[in-house]
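So the number in my numbering is just where the residue sits in the sequence shown, counting from 1, plus 19. Note that CB positions come from ideal geometry on N, CA and C, so glycine has one too. Structure first, then comments.
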Amino acid sequence: MADKNFVYRPPLFFKNGHVQTVFPTLFRKFDSSFYVRERIYTPDKDFLDLDWSSVGSDGLAIISHGLEGNSYRPYVIGMVKALNNSGWDALAWNYRTCSGETNRQLRMYHNGTTDDLDLVVKHAAEIKKYKSIALIGFSMGGNLSLIYLGEKGDKVDPLIKCAVVFSVPCDLEESSYQLAKPVNRIYMKRFLILLHKKVKAKMEVMPDRINDHNYHLIKNFKDFDDRYTAPIHGFKNAEDYWRKCSSRFFIHKIKVKTLIVNAENDPFLGRKCYPYKEVSGNKYISMEVPASGGHVGFIEFNKERLYWSEKRAIAFLNGE
Numbered sequence: 020m021a022d023k024n025f026v027y028r029p030p031l032f033f034k035n036g037h038v039q040t041v042f043p044t045l046f047r048k049f050d051s052s053f054y055v056r057e058r059i060y061t062p063d064k065d066f067l068d069l070d071w072s073s074v075g076s077d078g079l080a081i082i083s084h085g086l087e088g089n090s091y092r093p094y095v096i097g098m099v100k101a102l103n104n105s106g107w108d109a110l111a112w113n114y115r116t117c118s119g120e121t122n123r124q125l126r127m128y129h130n131g132t133t134d135d136l137d138l139v140v141k142h143a144a145e146i147k148k149y150k151s152i153a154l155i156g157f158s159m160g161g162n163l164s165l166i167y168l169g170e171k172g173d174k175v176d177p178l179i180k181c182a183v184v185f186s187v188p189c190d191l192e193e194s195s196y197q198l199a200k201p202v203n204r205i206y207m208k209r210f211l212i213l214l215h216k217k218v219k220a221k222m223e224v225m226p227d228r229i230n231d232h233n234y235h236l237i238k239n240f241k242d243f244d245d246r247y248t249a250p251i252h253g254f255k256n257a258e259d260y261w262r263k264c265s266s267r268f269f270i271h272k273i274k275v276k277t278l279i280v281n282a283e284n285d286p287f288l289g290r291k292c293y294p295y296k297e298v299s300g301n302k303y304i305s306m307e308v309p310a311s312g313g314h315v316g317f318i319e320f321n322k323e324r325l326y327w328s329e330k331r332a333i334a335f336l337n338g339e
């Protein structure tokens with residue numbers, strides 16, 4: 020149930036879910052020169068690129084982006100600036116292959132790469148004595164954050180005090196089939212084009228291990244996950260991957276104060292992506308379902324240039 024103090028009301032002419040989804044990508048612009056990049060190395064001799072924006076706070080928010088996103092997406096930078104203005108340090112990390120440089124291993128990223136998120140959390144906790152850490156996730160990054168917290172359960176780092184996630188595909192199978200519908204063809208086509216670029220970049224450095232032969236036959240996420248995600252990352256097939264990496268199966272184990280915000284008109288989410296039953300059985304989690312907001316939209320126009328999602332996240336992190 021939504022907090023009455025934070026009901027989202029979209030601007031005039033912005034109620035439509037597709038408008039909410041597309042507008043920020045096309046028209047919301049930010050300068051990103053304030054980032055300080057750091058590279059850390061993984062146990063399998065690969066790397067992760069982290070972008071920091073610090074204001075000297077003892078509280079840190081770690082931001083996980085969406086599928087084919089990165090730390091420079093408007094929704095990430097908008098959140099970083101809102102956090103800094105509210106007295107929080109921010110760390111936006113890039114998944115493998117998403118920072119602008121091809122990674123060293125065949126492995127890429129997917130909805131269940133919680134080991135990389137764990138490495139980022141531990142690194143951040145070690146290099147500075149933060150008193151609290153919050154997790155913020157968008158879309159896939161929200162799914163990843165929920166799985167991470169569910170896997171940790173009672174053993175979660177005590178520094179992690181809360182989490183807030185937006186536009187989360189809590190059921191990957193449902194979301195995959197939702198995006199495969201004709202009405203969402205433009206989104207699916209864009210994702211497959213971007214993912215193809217990642218495959219081709221991998222081919223340049225390891226041509227004997229991956230190829231894009233007949234890539235044009237891939238029409239949806241099932242095709243892509245069956246051919247690439249599943250075999251590369253140790254899953255039997257797309258269905259096995261979706262089942263093992265859907266956050267709705269982990270929600271009951273989360274022991275950290277968490278807010279899930281999924282708009283009713285999100286074109287990416289199907290019915291099972293709104294985990295009412297799972298949330299109702301866990302006292303640590305609340306879920307808000309605004310009528311509008313699209314996918315990672317929640318547009319607002321104000322002099323602070325803050326979107327509703329940013330204001331909602333800050334309020335939640337500050338205990339409001």
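- The beta carbon of Ser-328 sits closer than 6 Å to those of Phe-185, Phe-317, all from its chain and outside the five residues before and after it, given in chain order.
- Asn-337 counts as exposed, since fewer than 16 other C-beta atoms from the protein chains shown sit within 10 angstroms of its C-beta.
- With a threshold of 16 other beta carbon atoms within 10 Å, Phe-240 meets it and is buried.
- In this structure, DSSP gives Gly-160 a helical state, which the three-state scheme calls helix.
- In the DSSP assignment, Ile-146 falls within the unbroken alpha helix (DSSP H) covering 133-146.
- In this model, Val-38 and Tyr-206 are separated by some 13 Å (Cα to Cα).
- Per DSSP, Tyr-60 is one residue of the beta strand (DSSP E) stretching across 55-60.
- Cα atoms of Thr-248 and Lys-322: separation of roughly 43 Å, rounded to the nearest angstrom.
- Secondary structure at Ala-282: coil, using DSSP grouped into helix, strand and coil.
- Ranked by Cα distance from Ile-96, the options Phe-335, Ser-265, Pro-43, Ser-305 are led by Pro-43.
- By DSSP's assignment, Val-184 forms a beta bridge with Gly-156, Ile-279.
- Considering only Glu-57, Leu-110, Ala-334, the residue with the shortest C-alpha distance to Ser-72 is Leu-110.
- Secondary structure at Glu-307: strand, using DSSP grouped into helix, strand and coil.
- In this structure Ser-311 is buried. Its beta-carbon is surrounded by 16 or more other beta-carbon atoms within 10 angstroms.
- Here the alpha carbons of Lys-221 and Asn-230 stand approximately 8 Å from one another.
- As the crow flies, the alpha-carbon of Phe-320 is around 7 Å from that of Tyr-326.
- For Phe-243, the enclosing alpha helix (DSSP H) covers residues 240-243.
- Contact between Ser-83 and Leu-136 is confirmed by a C-beta separation of about 7 Å, below the 8 Å threshold.
- Looking at the DSSP output, Ala-111 bridges to Asp-70, Ile-82.
- The shortest C-alpha to C-alpha distance from Met-127 to any of Ile-146, Leu-86, Ser-90, His-271 is the one to Leu-86.
- Around the beta carbon of Phe-32, a 10 Å sphere encloses fewer than 16 other beta carbons of the protein chains shown; the residue is thus reported as exposed.
- Taken through DSSP and simplified to helix, strand or coil, Ser-328 comes out as helix.
- Glu-307 is a Cβ neighbour of Val-280, given a cutoff of 8 Å.
- If one requires a minimum length of 4 residues, the alpha helix (DSSP H) runs lying completely within the region 24-52 are 36-46, in chain order.
- Secondary structure at Ile-270: helix, using DSSP grouped into helix, strand and coil.
- Counting C-beta pairs with one atom in each stretch, the region 149-158 and the region 173-190 have three or more that are closer than 8 Å, which means they touch.
- In the three-state reduction of the DSSP assignment, Ser-90 falls in the coil class.
- Ile-270 is positioned such that its CB atom lies closer than 8 Å to that of Pro-294.
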